[in-house]
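S.K.: If you scroll down you'll find the structure; I have some questions about it.
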Amino acid sequence: KFGYNLNAVEEGVPSHAGCGIGLERLMMALTGTENIRDTTFYPRDVDRLTP
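Under my numbering, the first residue of the sequence shown carries the number 101, and numbering increases by one thereafter.
Printed below as a string of C-alpha cells:
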C-alpha cells in the first residue's frame with residue numbers, strides 16, 4: 101500500500117532547479133521591512149496559544 105512512498109524515500113529526491121521563496125520574504129523585499137515578523141500573516145508569539 102505504501103510501497104511507492106518507501107521507494108521514493110530510498111531512492112532520494114530527484115535533481116531539480118528552482119527557487120522556493122516564502123510569501124513573507126517576498127513581502128519583506130517589496131515593503132523594505134527588516135523584520136519578518138512584521139510581514140507574517142499569522143504571527144506566533146508567547147501570548148498566542150494556537151496559530
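Quick reminder that beta carbons are idealized off the backbone N, C-alpha and C, glycines included.
Where does ALA117 fall in DSSP's three states?
M.R.: In the sequence shown, residue 117 corresponds to position 17, counting from 1. Note: ALA117 maps to coil in three-state DSSP.
S.K.: Apart from the five residues on each side of it in sequence, which residues of its chain come closer than 8 angstroms, Cβ to Cβ, to PRO143?
M.R.: Start at 1 with the first residue of the sequence shown, and residue 143 comes out as number 43. If we look at PRO143 and ignore the five residues flanking it on each side, its Cβ neighbours are ARG137.
S.K.: Quick test of your reading: THR140 and THR133, contact by CB under 8 angstroms. State the CB separation rounded to the nearest angstrom.
M.R.: For the purposes of this step, residue 140 is identified with residue 40 of the sequence shown, where counting begins at 1. For the purposes of this step, residue 133 is identified with residue 33 of the sequence shown, where counting begins at 1. That pair is no contact at about 11 angstroms.
S.K.: So what's ASN105 in DSSP terms, helix, strand or just coil?
M.R.: The residue you call residue 105 lines up with position 5 of the sequence shown. Here ASN105 sits in helix by DSSP.
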